[in-house]
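Line order of the protein sequences matches chains E and U.
Residue numbers for the first sequence follow numbering that gives the first Met the number 0, beginning at 0 and rising by one.
Residue numbers for the second sequence follow numbering that gives the first Met the number 0, beginning at 0 and rising by one.
From the three backbone atoms N, C-alpha and C, an ideal C-beta is built for every residue, glycine too.
I have placed the structure first, in the form of structure tokens, so that the comments after it can refer back to it.
2 protein chains.
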Amino acid sequence: MRTVDLIQRKRDGEELAPEEIDFLVEGYTTGEIPDYQMSAFLMAVFFAGMTDREVSRLTECMLRSGETVDLSSVEGIKVDKHSTGGVGDKTSLIVAPLAASAGVVVPMMSGHALGHTGGTVDKLESIPGFRTNLTPDEVRAQLKEMGLCFISQTDRLAPADGKIYSLRDVTATVESIPLISSSIMSKKLAEGLDALVLDVKVGNGAFMKKQVDARRLAQMMVGIGRRMDKRVQALITDMSQPLGYAVGNALEVMEASQTLQNAGPTDLTKLSIELAARMIFLAKKTPTLDDARRLAEQKLVDGSGYKKFKQVVAAQGGNPQALDKFELLPNATGMREVTSPRGGYVTAIDAEDIGTASNMIGAGRDRKEDPIDPAVGIILEVKVGEKVDAGSVLCRLYYTREERVEDAAEMVEDAFRISAQKPEERELILEVVG
Amino acid sequence: MRTVDLIQRKRDGEELAPEEIDFLVEGYTTGEIPDYQMSAFLMAVFFAGMTDREVSRLTECMLRSGETVDLSSVEGIKVDKHSTGGVGDKTSLIVAPLAASAGVVVPMMSGHALGHTGGTVDKLESIPGFRTNLTPDEVRAQLKEMGLCFISQTDRLAPADGKIYSLRDVTATVESIPLISSSIMSKKLAEGLDALVLDVKVGNGAFMKKQVDARRLAQMMVGIGRRMDKRVQALITDMSQPLGYAVGNALEVMEASQTLQNAGPTDLTKLSIELAARMIFLAKKTPTLDDARRLAEQKLVDGSGYKKFKQVVAAQGGNPQALDKFELLPNATGMREVTSPRGGYVTAIDAEDIGTASNMIGAGRDRKEDPIDPAVGIILEVKVGEKVDAGSVLCRLYYTREERVEDAAEMVEDAFRISAQKPEERELILEVVG
């Protein structure tokens, strides 16, 4: 078997055999296949795609390249939720406690911020003392005790994916549906899950800009799960404006806390209930999905979800009081208002620009090694469809260092579109796949 | 400027600016851009193509990466001929002396064998003593004295192309029309030419299997030449069967000698006259192309071309007597006939198979470092359209070592298609571009 022949066959649109996929991934992981051949192969995949059979094998192969978490000693159906990434998307912090309080076992594994989107691990780490690097024994113990833990992805899970992802990042081969699908699924399946709920974001603030691409991604991931005997459902949800009002790490923890106390934004609450319900239903805790929705809602309203979140924060070294007393969270020192240049309706809020502006003042990273500032971010005052007057506040930037604040404010101002005509309402949950 | 952004823009079908092409080629040549980014870029070019402007800049940039031959001190219009490679294609050995004897200055630069096709340098080196590694001073002196020299490509001309070609070879990015065009033209234009005649081969024995691809390649190369103020014409010619009867280095030198003595195969003679006529016309030696054809024919019939060839062979250290007395050329020690399994018409002779079989017995190389056997090869006894009886000889294999002869004979037998019906005649010269 010669690598160049496999690249050529993929380039020419042929399907590779399972052992050929193994040859490529194993060869690359061990270093026998050089970067320059793998990058040519990845670009060929970008253009020629992959069949379901190929992408499933690629996922399995990356999964097998590292450790897997053995949760067989933990009783119950283990369900996780994964979002493809958005702006202001703090649903994990709400959904996981709701599902866990309804009896689902939730080993929630998350990553750091990527590009203009936030990362659940960064948000949780803004809670003083919170640690996500639990050992496998700690994971199992905590799941047995309270049915929920938040852990960060480690390099030991699916290391082949880690190596391939680094190469994709510098060779313009990130935006490939088979490569995204296999990357997500190989890491998720390494956690020892039984079922998975996917939140595939679509819109200007998401990696998938078009619904047709989001659908293909969702279908491919659901297919990979099915071939590996996991129950997987995907929601395709709108990311054409930030979710909720808060963008930035500690700011999003505050909003998640409020939402778990049934005082959160409508869109965030609605999506969280739906995602938690899907997890509850896949874990067979209720006979129907509607029952699951009612159960999730009840766990929100009666405060069980909030209680569960505080319990887990305490268990993982964080100060649970910070969820009531926000002054215990990192707080910004400066504030800059952005006002509307004219009266009218908010017809669009470019989520990617909001995310990028938030990163500019320190909420995200340019490079992996960069530190983030947990205190800073943006709070929207209005959302799409609302009416504003000239000079009324559109949003507030919270910062700790002056530099780049004005640039960020300008970007944020441009992100809002104000028109005379009221926009049509856009659905939050667009499709269900699986 | 970030390499990854340029890869992405090419991937997404955008045109890169001239300075962006420079950045990529210069960065790669100096080693600042790693192989893995260049290979991803090359695969993106394979799929997304290049505009005429991009491919011209790429050519210029590769040309500028190394030395160029300064022929300004040599009077007259310098014209070369280049073939994209075929089986039994020894036209360079005939065309160059014909054009030179008509007063054209011909700095003929050639390469070694590539894949199943032969290389002019290998053919010439089968003449005892012949050397092609002339210094620039030797090239100029010989061109001034006799208007013709045969030189081999050196790594000093267009080294960026050399580096990129090596990478293409192992990343399945060879078969890209913009990359082929710029590779050929950067080396050719480094010779200090004024004009160039291209012979773009099409058919099973050529790298381009389809006429539409050959046409695109021809158009792109003619366009590159035009943008650099060179007069370039391209013929698209049939390579669905070997050209002439002889395949293999010394065997082809013999056939070229016979052709220069007006005793060669019809197809080879016809194509050689046409190519020489185009060179003569581009060099402005005659007012019309028809006059140029007559002049080329005259130089063949009156023996001037043959005399010129012998003069050049002697000047470059070869024994010119070997062109009359073939026993002075390397000769094979064994011969194996391949006969027809039945009577009928020869409807096809797969040129790629003939070339591959010839390589199997030693006429070509598997790897760059491999030695070649100048004596061995294949002589066809019949061509497409001729009638054969059962058991009559189709061709003869000439070899010096027994191993692989039977395998080669089997491949050659399969290369011939014999049918009851006489095939339609196929044109040798299919199109003219430029």
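- Inside the region 183-228 of chain U, DSSP marks whole alpha helix (DSSP H) runs of 4 or more residues at positions 210-226, from first to last along the chain.
- With fewer than 16 other Cβ atoms from the protein chains shown falling within 10 Å of its own Cβ, Gly342(U) counts as exposed.
- For Asp34(U), a Cβ of chain E is located within less than 7 Å of the residue's own Cβ.
- Contact between the region 272-284 of chain E and the region 87-106 of chain E is present: 3 or more CB-CB pairs across the two stretches fall below 8 Å.
- Within the region 4-34 of chain E, the residues whose Cβ lies closer than 7 Å to some Cβ of chain U are Ile6, Gln7, Arg10, Asp34, listed in chain order.
- Per the coordinates, the alpha-carbon of Ser357(U) lies some 10 Å from the alpha-carbon of Ala245(U).
- Contact between Gly118(E) and Ser109(E) is confirmed by a C-beta separation of about 7 Å, below the 8 Å threshold.
- Assignment of alpha helix (DSSP H) within the region 266-321 of chain E, counting only whole runs of 4 or more residues, yields 288-300, 303-314 in chain order.
- Per DSSP, Ala347(E) is one residue of the beta strand (DSSP E) stretching across 343-348.
- For Val411(E), the enclosing alpha helix (DSSP H) has its first and last residue at 404-414.
- Residues are counted here when their Cβ sits less than 9 Å from a Cβ of chain E; for the region 38-62 of chain U these are Ser38, Ala39, Phe40, Leu41, Met42, Ala43, Phe45, Phe46, Ala47, given in chain order.
- Looking at the DSSP output, Val68(E) shares a beta bridge with no other residue.
- When the beta-carbon positions are compared, Asp79(U) and Met37(U) stay at least 7 Å from each other.
- Under a criterion of Cβ atoms nearer than 7 Å, the residues of chain U adjacent to Val169(E) are, in order, Val3, Gln36.
- The continuous stretches of alpha helix (DSSP H) do not include Glu430(U), which lies in the beta strand (DSSP E) extending over residues 428-432.
- In this structure, Arg335(E) is the residue among Gln218(E), Arg335(E), Lys386(E) with its C-alpha nearest to the C-alpha of Arg400(E).
- When the alpha-carbon of Arg364(E) is set against those of Ile378(E), Asn248(E), Ile163(E), the nearest one is in Asn248(E).
- Taking all protein chains shown into account, Met61(E) has 16 or more neighbouring C-beta atoms within 10 Å of its C-beta and is therefore buried.
- Taking C-beta atoms under 8 Å as the contact rule, Ile20(U) and Ala171(E) fail to qualify, at a distance of about 16 Å.
- Beta-bridge partners of Lys77(U) (DSSP): Val104(U).
- For Phe22(U), there is no enclosing beta strand (DSSP E); the residue is part of the alpha helix (DSSP H) that begins and ends at 17-29.
- When rounded, the separation of the alpha-carbon atoms in Ala189(U) and Asp289(U) is 30 Å.
- Within the region 263-287 of chain U, no residue has its Cβ closer than 7 Å to any Cβ of chain E.
- Legend: CB atoms of the region 116-145 of chain E lying less than 7 Å from CB atoms of chain U are not found in any residue.
- Within the same chain, no residue comes within 6 Å of Val169(E) by CB-CB distance, once the 5 residues on both sides are set aside.
- When DSSP assignments are scanned along the region 327-401 of chain U, the uninterrupted stretches of alpha helix (DSSP H) that are 4 or more residues long and fall wholly within it turn out to be 350-359.
- Residues of the region 370-396 of chain U whose Cβ lies closer than 9 Å to any Cβ of chain E: none.
- In the three-state scheme derived from DSSP, where H, G and I count as helix and E and B as strand, Leu97(U) is classed as helix.
- Contact note: Thr399(E) does not reach chain U at a C-beta cutoff of 9 Å; the least C-beta distance is about 29 Å.
- With respect to the 7 Å criterion, Val375(E) and Ile353(E) are not classified as neighbours on the basis of their beta carbons.
- Relative to Lys122(U), the option among Ala414(U), Glu59(U), Ile223(U), Gly87(U) whose CA is nearest is Gly87(U).
- Nearest in C-alpha terms to Cys148(U), of all of Ile348(U), Asn132(U), Asp160(U), is Asn132(U).
- With at least 16 other beta carbons inside 10 angstroms of its own, Val24(E) counts as buried.
- For Thr172(U), the residues of chain E that pass the 7 Å Cβ criterion are Ala39, in the order they occur in the chain.
- Nearest to Gly316(E) by alpha-carbon distance, out of Ile223(E), Ile76(E), Phe129(E), is Phe129(E).
- Residues of the region 227-243 of chain U that bring their beta carbon within less than 8 Å of a beta carbon in chain E are absent altogether.
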